[in-house]
Every structure is written in C-alpha cells, then in structure tokens.
Amino acid sequence: MPLHILKPAAGISSIDQLKMVVERYSYHDPDLGHIMHMSSRNTPKRADELLDGGSVYWIIKRAIVARAPLIAIREEERVDGRKGCQMCIRPEIVLTTPQPKRGFQGWRYLKGNEAPEDLLSSSDNTGQGSPELAMELKELGLL
C-alpha cells in the first residue's frame, strides 16, 4: 500500500476553486513536465514511500474530497536561508469518496488503507457538487 500526504486546502471552499488554484499555479518543468509544487519547511522522512504511488489528498470543508498524484519531492533553500522542500504533483485533480476529517496546519501522512476511494463511477469528474452534498449522499448510502 502506498503512503500519501494529507493536506488541508487552506482558503479553498470548493473542488472547482481547488482546480482553479492548481491550474493557476501549475507550470512546465523541464524534468517533470506539467506540474504544480507546494513548498513545506519540513521534508518528509518517508519520501521514498510517498513516491511509490502516493498522492496528495486535500481536505475541503472538513472532508477529504480530492487527490493529485505526487511525482517528486525536492529539497530547496528557502528565502530565509533555511532548508525546505517542494512536493511536486501532477495538476490532475481526482475526486474521492468524501471522508470526514478535521483540519490541521501543515501536512500529515495518510496510510494507503486509510485513504478514500476514487469516485471513478462518476461519468464526469468535474466537481460540480459541493463536499457537503457528497457527504450527505455518502451518509445516505448513495455514494
């Protein structure tokens, strides 16, 4: 089972907004292709496990609702001279079955067996619904 990163989508209130932000900050990297990166002052100690099929899962409105494949972790020197890292993802948002989760600061590891399943049964993965609606549908047994 792969290991994943769990991260609150701070300031983001919908999946559509997450998609817009990811698209806005994505760029072409000469080594990795089309990516987006997130900076962190803490480099994951389990980077090899994360890069073996891991993803970044996002929390929006107290639920894990989406993920993107994690493709690289690079060390960087921050503006203040301290070491940090860049977590590089493919800017492809995959909706997941909503899973309740309280927010926190920074990021946490998410074990593969604790990660929500992808919403592959959806004919269009556009994120038209809200996380609240998806949570209600899940509670009713419809998702």
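Heads up, the working numbering is the position in the sequence shown plus 460, with the first residue counted as 1. The beta-carbon is built from N, C-alpha and C at its ideal position, and this holds for glycine as well. All values reported here derive from a predicted model rather than from experimental measurement.
Buried or exposed, going by whether 16 or more other CB atoms sit within 10 Å of the CB of residue i?
i    : result
M496 : buried
V539 : exposed
S515 : buried
P468 : buried
R542 : exposed
For residue i, which beta-bridge partners are listed by DSSP?
i    : result
V525 : DSSP output for V525 lists no bridge partner at all.
Y487 : I495
V481 : V481 pairs with nothing; no bridge assigned.
So with Cβ pairs under 8 Å, would you call residue i a contact of chain D?
i    : result
D489 : Looking at the structure shown, chain D is missing, and only one protein chain is on hand.
Smallest Cα separation from residue i: which of the options?
i    : options                : result
D508 : I465, K543, P576, L492 : I465
P504 : L579, D578, R568       : R568
Could you give the distance in angstroms between the alpha-carbon of residue i and the alpha-carbon of residue j?
i    : j    : result
N573 : P560 : 15 Å
A523 : E552 : 19 Å
R562 : M498 : 21 Å
E535 : G566 : 17 Å
K571 : V482 : 24 Å
If I follow the unbroken beta strand (DSSP E) through residue i, where does it start and stop?
i    : result
M547 : 543-549
Following the continuous alpha helix (DSSP H) through residue i, name the residue where it begins and the one where it ends.
i    : result
L463 : That residue, L463, is in no alpha helix (DSSP H); its beta strand (DSSP E) goes 463-468.
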